[in-house]
Structure formats: structure tokens, C-alpha cells
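Beneath this line is the structure, given in C-alpha cells, with notes to follow.
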Amino acid sequence: MTSQKPQRHLPLAAAVCAALLFALPACAQPAAVTPASVGEAPAKVEKNSTTGIAKLTLTEHGLSRIDLQTATVAAGAGSDVLLPYASLLYDANGKTWVYTNPAPRVFERQAVTVSKVESGVVTASQGPAVGTPVVTVGAVELFGAEFNTGK
């Protein structure tokens, strides 16, 4: 003998499943494109034909998407400079770089000669001048934009 009670909830369960089924694809839709970002690349990349290093100019939207943060280069002993370790990038050959911020929304990669790393601070014998802002969060995204690694 079977009970009729569970079968009464069947239409309700089917309705809930159908509602969920139709709602889920909407969750997977890409975010709406804002009019300001239509046709505008998040970064303008201008390669220097002599050095091969690019100057990157980010749009306001591009800048906000990567939550970019900077810190200032400090003076070390003698001619050394001090940088946050978070600003340091290594390329495929092991060469060390940082991204400087010479103007609002403008970023340029600059070579750094590391003397030592201690307690999250890089002592460099060559690098950006004291007082130069360097990128501490978002440098990897800038590197990707410079070398077009996202495609």
C-alpha cells in the first residue's frame, strides 16, 4: 500500500525545479558592458622601438579593475634604494623589474639590480630614483598587458 501524500508535493517540487532551471542561465551571463568601456581597450601600449619596453596608459576603468596600488622608493645606504618586495617582478630569464608610475595612469617597466631581500624589503644597487612610485599590487596585470599574455 502506498501513500498518496508524497505525490501531492510533486507539482510543487516540479515548479521549484523549473524556476531554478530557468534562473541559473541568467547567473552565467556576462556583466553588462558600460557605454564608457565600449570600444575602449583597458590599456594603451606604446612600445619603445629602442628599448623594447612599453609605456602603458590605463583607462580609469582598467585601473579600477586591477585595484592597483603603489609605494614610494626610499633611500638606502649610499646609492642603494629600498623597494617593497611586492613590487618586484621576475621575467622568464630571471631578470628583476618593477613598474614605475611616472604620471597618473601611466606605467613603465624598469630594471632593478637586487643586492639583497630582507624582511619584505629589497635593497637595490640600481633601480628607480628615490621618491618614485612603484606598483605593489597589479604589476602582474601590467606585465600581461605589456606582453599581451591574455590572448
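Numbering (mature numbering (1 follows the signal peptide of the UniProt record, and there is no 0)) for the sequence shown: -28 to -1, 1 to 123.
Heads up, the beta-carbon is just placed ideally off N, CA and C, and yes, glycines get one too.
Remember, it's a predicted structure, so these values are computed and weren't measured experimentally.
Handout entry: For residue 81, three-class secondary structure by DSSP
Key = strand
Problem - Contact the stretch 67 to 81 vs the stretch 46 to 53: 3+ CB pairs below 8 angstroms - result: no
Handout entry: Rounded C-alpha distance that separates residue 53 from residue 61
Key = 16 angstroms
Practice task
Pull up the CB-CB distance for residue 107 and residue 40, whole angstroms please, since I reckon it's below 8 angstroms.
Solution key: 6 angstroms
Exercise for the section: Can you have a look at residue 56 and say buried or exposed, based on whether 16 or more other CB atoms are within 10 angstroms of its CB? Expected result: buried
Exercise for the section: With DSSP as the reference, label residue 87 as helix, strand or coil. Expected result: strand
Practice task
Please look up how many angstroms separate the CB atoms of residue 17 and residue 83, rounded, as I've assumed it's under 8 angstroms.
Solution key: Actually they do not touch by this definition, with Cβ atoms about 19 angstroms apart.
Exercise for the section: Name, in chain order, the residues that DSSP records as bridge partners for residue 106. Expected result: 43 and 72
Handout entry: residue 60: first and last residue of the uninterrupted beta strand (DSSP E) it sits in
Key = Neither: residue 60 is in no beta strand (DSSP E) and is coded neither H nor E.
Practice task
Could you check the C-alpha separation between residue 114 and residue 104 for me, to the nearest Å?
Solution key: 17 angstroms
Practice task
Could you tell me whether the Cβ atoms of residue 43 and residue 28 are closer together than 8 angstroms?
Solution key: no
Problem - Close-in-space but distant-in-sequence residues of the same chain around residue 78 (CB under 6 angstroms, 5 per side omitted) - result: 29
Exercise for the section: Throw me the rounded Cβ distance for the residue 109 and residue 58 pair, which I believe falls under 8 angstroms. Expected result: 7 angstroms
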